[in-house]
Structures are given as C-alpha cells and as structure tokens.
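Peer 1: Here the sequence shown is numbered in our numbering, starting from 21 and rising by one per residue. Quick reminder that beta carbons are idealized off the backbone N, C-alpha and C, glycines included. Since we're looking at a predicted model, the values are computed, not measured. Would you mind keeping the following structure in view while I ask a few things?
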Amino acid sequence: TTSATAQSNTLHAAAFFRPILLLNLSTMKLSFAGLLALSIPSSSAFTLTMGTGNSFGRVFRIATWGESHGGGVGVQVDGCPPRIPISRDEIQVDLDRRRPGQSRITTPRNEADAVEILSGLNPQGVTLGTPIAMLVRNKDQRSGDYLDNDMNVAYRPSHADATYDAKYGVRAIAGGGRSSARETIGRCAAGAIARKILDMYNGIEVLAYVSKVQEIGCDVDDDTFTMEDVDANIVRCPDQAAAEKMLERIDEIRKAGNSIGGVVTCVARNVPAGLGAPVFDKLEADLAKACMSIPAAKGFESGDGFEGTLLSGKEHNDEFFIDPETGATRTKTNRSGGIQGGISNGENIVMHIAFKPTSTIAQAQATVTRDGQEVELRGKGRHDPCVLPRAIPMVEAMVAITLLDALMCQKAQCELFPNEASLDEKPNPMGTTAKREGGPKVATIGAVDLRVDEE
21 TTSATAQSNT
31 LHAAAFFRPI
41 LLLNLSTMKL
51 SFAGLLALSI
61 PSSSAFTLTM
71 GTGNSFGRVF
81 RIATWGESHG
91 GGVGVQVDGC
101 PPRIPISRDE
111 IQVDLDRRRP
121 GQSRITTPRN
131 EADAVEILSG
141 LNPQGVTLGT
151 PIAMLVRNKD
161 QRSGDYLDND
171 MNVAYRPSHA
181 DATYDAKYGV
191 RAIAGGGRSS
201 ARETIGRCAA
211 GAIARKILDM
221 YNGIEVLAYV
231 SKVQEIGCDV
241 DDDTFTMEDV
251 DANIVRCPDQ
261 AAAEKMLERI
271 DEIRKAGNSI
281 GGVVTCVARN
291 VPAGLGAPVF
301 DKLEADLAKA
311 CMSIPAAKGF
321 ESGDGFEGTL
331 LSGKEHNDEF
341 FIDPETGATR
351 TKTNRSGGIQ
361 GGISNGENIV
371 MHIAFKPTST
381 IAQAQATVTR
391 DGQEVELRGK
401 GRHDPCVLPR
411 AIPMVEAMVA
421 ITLLDALMCQ
431 KAQCELFPNE
441 ASLDEKPNPM
451 GTTAKREGGP
461 KVATIGAVDL
471 RVDEE
C-alpha cells in the first residue's frame, strides 16, 4: 500500500496537472477510497483556474470578469493565433452596438464603453499569441437606485437576485453584479477578435437580427441581409415594415412600465464543412450553450427546430445535389440549419434564440425579502424594456467565439497532417465555399438502394 506521504504527493500532482492519472495496479495496490482521493485536490494544494462558470472555449478560450457597478468589466482571451492585425477601433464597433443609451427602447444608462487593450498586442497592433486582456471602466453606475430602497432587501421576481443569494450566501445588490447584461461587454470584445479571424480565414460572417417581438414576425432572406440592413432601425430588424410594428408594441409595453421579449435569429455564412464533433461536442450543442449563457436567453433552435417536428422525414430531409459550377456537394434545402450529425455541412448555419421579457419592471409585483417576509416591490432605476436590440451583438459574439474555437479544434485534430489520398479517394468537397478540383465529376451512377441496419 502507498504511504500517507506518497498519497499526499500524488494528490498535489493531480491538483496541479489534471491529466488522467494512469495507475499500474499490478505493482501499486490502492483501495477504492484511495482512488477517489486522487481525484479530489487537497486543501493545501495550489490550483488556479478561471472556474465556476466564468470561462468558455477549449482552444480559443475567454474568461470574463467584473460586476455591473464595480470599477469595470473585461475579458481575457487566450489561444488567439499570433500575427493577426487587430485595432481598438475594430473592437469598439461591436461594443458600440452593445452599449446602453442607444435609443428610447434601451436602458438610458450613459456609458461610452471605451475599451482598453492591456496586453497581447505589439505596438503595431498585431497579436502576439499571448493572452489578450481588455478592460472597460464603469462610469455611470447609480448604486443608490438599488441600495436606497426596497430593492436592497427584496428579490426581483424571475431575476437572478434570489438564486445568486441561495448559491453564494451573498450577492452584489447594485446593478445585479455578474447577472447584469454588462458582463457581456467582455464577450463582445472577444467576439470582435473572433469575427476578424473568421473573416480572414474563409470570409465567414456572423450576423443576427430581431426576428420576432412577441407574436410579431418578419420576412427576411437569411442568405442576403447585411449588418447595415439590421442597424437601419432601432429594433434591429431588417424588415422595415415589421420593425415598425415591433417598435409600436415595444413602446406600448414600455409606457406601461412593463417589459417584452421575442426571438433573435443568427446566421453564419461561409462556414466550412467539418466543424464540430460527434456525441457530446456537437456544434449545435456548443452553440446552444454559448447562446443560452447570454442573460435573459430562454430557448434555442437549430435550423427548423421545433417546427421540424411537424414534418415527415421526406419533407424534412435536405436532399443533396452537386453544384454545377463548383462540383461541391450541396443541399437543396437547409432545414438542418447547416449542421448534420453535430458537424457543419458547409451551408449557412441558422439558429434562433428566445429571450424572455426583462425581469425588472416598474409595475408592482409580489415578492419576498431576504429574511423571508412577503412584500410588494416596484422596480426602480434604468433598465431595458426589451433586451432584443442589444442582444444582437451579444449573440453574434458568442456564435463567432464558438465557431472559431471549433475551427481551431478541427485544425488541431483532423488537419494536422494533410490528406494525401488521391482525388477520387477523398470525399467530395462540401458546402457553399467548397470547390472540387477540376470541376463537377461526370455522373456514372443511377439510382442506389441502401440497406440500413441501425439501432
């Protein structure tokens, strides 16, 4: 059996390095309790992680920090490729689209959200491959709106106030702390970097728009709309006629001291086939986690989503064809939303994210205090009556970060060595930007019967 000292040393090693620990049980007899102990860091072992829900990604990894009414908020980006030219102005574009005070249907909090890049770039504005730290200082917080009234002790219904208190036993009352949408500043800054790299790699673009406010929908061509179309009105819906109806509804709700929700649609174009992995790391699963981590997000659909359940297999299946110009494998429809089997197929990736109405409203609601007394609460302070317009850059950022991370994982695992098989032995190139060498292959096969034996 191992001595207590040996077990302690092993514990420290496990706590530091975290790889799977392989034990030769023929030479080292260890009880089940001992094996269990190896997986638990000792109290004296030093570990440093950006853990418990503050980081995202595997290769391109971000970690956000800061509270709504603290000194500032920010992000550390690790795994960014070197030699990428990036300027503060490029990052500021996405922060300006996210910032408060843009219109009458967003919170009037007046923040410039000016980003400071603290590390990771050389004087010429080129990434070094080292961690990139970015900071935005808080300037216009009004903590008295929370601390000088009943919001100091009472929980806002459907807000994170109560659950944060239940989890930590303490909470940042002013501004909601980390549950505030102000936390997403770091995501949008990191997303601007991811957006730049995706565009450089394959002309990949990630665009989102408000597709529904309550039951009011719109008619938008997901293949052609532009960011300029989205930003042409304060609702951020490219369908101008629908945007006017949406704005009228938001104004009606806002004037009543209430809030309203809806749906954001996001489209990623020119994404190559092959991103994502089977089973637990499916691309739509990663995208769902990314988008559902955004404040107020309550639902996620990939492709046709729940509407696809109303179709038969024949109706829902995206039939393949060969692009007559590029020779690439394409799909006639895109009900899969650009992802099949958890892996991108080269078509547009389409997803829909549902956002609930803002929790803080000016109308009276029944709630309880921290010490367990029933009270009535009327929200005060500055809040969005509808989160949808400002959610657009947040969704784009998280999708861009997820896609870049998936792209870098694909490069690391499947493209470390080139596929040197002959053209006829390789799978036909797939997707909107793919091209077959020599053009389309002359068809020589007719109808094919396929016998399937799956569970």
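Given this structure, state the Cα-to-Cα distance separating E268 from I125, to the nearest angstrom.
Peer 2: Their backbone Cα atoms lie some 11 angstroms apart in a straight line.
Peer 1: In its own chain, which residues sit with a C-beta less than 7 angstroms from the C-beta of C429, not counting the 5 before and 5 after it?
Peer 2: Excluding residues within five positions, the ones whose Cβ falls inside 7 angstroms are R78 and V79.
Peer 1: Report back the beta-carbon spacing between A210 and V95 to the nearest angstrom; my notes put them in contact at under 8 angstroms.
Peer 2: Indeed they touch by this definition, with Cβ atoms about 5 angstroms apart.
Peer 1: Less than 8 angstroms separating the beta-carbons of V113 and A134?
Peer 2: Not in contact: V113 and A134 (Cβ atoms no closer than 8 angstroms).
Peer 1: Measure the C-alpha to C-alpha separation of P298 and G140 and round it to an integer number of angstroms.
Peer 2: C-alpha separation (whole angstroms): 33 angstroms.
Peer 1: Report yes if the CB atom of F245 is closer than 8 angstroms to the CB atom of K318, and no otherwise.
Peer 2: Their beta carbons are not under 8 angstroms apart, which means F245 does not touch K318 by this criterion.
Peer 1: My understanding is that S200 touches S88, with C-beta atoms under 8 angstroms, so please give their C-beta distance in whole angstroms.
Peer 2: With a Cβ gap of about 4 angstroms, S200 and S88 count as contacting.
Peer 1: Between the region 439 to 452 and the region 287 to 306, can you find at least three pairs of beta-carbon atoms closer than 8 angstroms?
Peer 2: Contact between the region 287 to 306 and the region 439 to 452 is present, because at least three Cβ pairs lie under 8 angstroms.
Peer 1: Tell me S75's beta-bridge partners as DSSP assigns them.
Peer 2: S75 is bridged to A83.
Peer 1: Taking the alpha carbon of M247 as the reference point, which residue from Y229, P377, I137 and T353 has its own alpha carbon closest?
Peer 2: Answer by Cα proximity: Y229.
Peer 1: Smallest Cα separation from A186: which of I421, F437, A212 and R390?
Peer 2: Out of I421, F437, A212 and R390, R390 has the C-alpha closest to the C-alpha of A186.
Peer 1: Let me confirm a value: A432 is counted as buried when at least 16 other C-beta atoms fall within 10 Å, else exposed. Which label applies?
Peer 2: Exposed, because fewer than 16 other Cβ atoms sit within 10 Å of the Cβ of A432.
Peer 1: To the nearest angstrom, how far is the alpha carbon of E235 from that of M266?
Peer 2: About 9 angstroms.
Peer 1: Could you please give me the residues that DSSP links to T389 through a beta bridge?
Peer 2: T389 pairs with A174.
Peer 1: Pick out whichever of V287, K334, A262 and N439 has its Cα sitting closest to the Cα of G366.
Peer 2: Comparing Cα-Cα distances from G366 to each of V287, K334, A262 and N439, the minimum goes to V287.
Peer 1: Hey, I373 and V415 are a contact pair by Cβ (cut 8 angstroms); roughly how many whole angstroms apart?
Peer 2: Indeed, because the Cβ distance is near 6 angstroms, the residues count as touching under 8 angstroms.
Peer 1: Assuming R274 and D324 are in contact, meaning their beta carbons sit under 8 angstroms apart, how far apart are those beta carbons, in whole angstroms?
Peer 2: At roughly 32 angstroms, the Cβ-Cβ gap does not stay under 8 angstroms, so R274 and D324 are not in contact.
Peer 1: Within this structure, are the beta carbons of R81 and G92 separated by less than 8 angstroms?
Peer 2: No; because the gap between Cβ atoms is not below 8 angstroms, this pair is not in contact.
Peer 1: Scan the region 388 to 434 and note each continuous alpha helix (DSSP H) run of 4 residues or more that stays entirely inside, going in chain order.
Peer 2: Correct list: 408 to 434.
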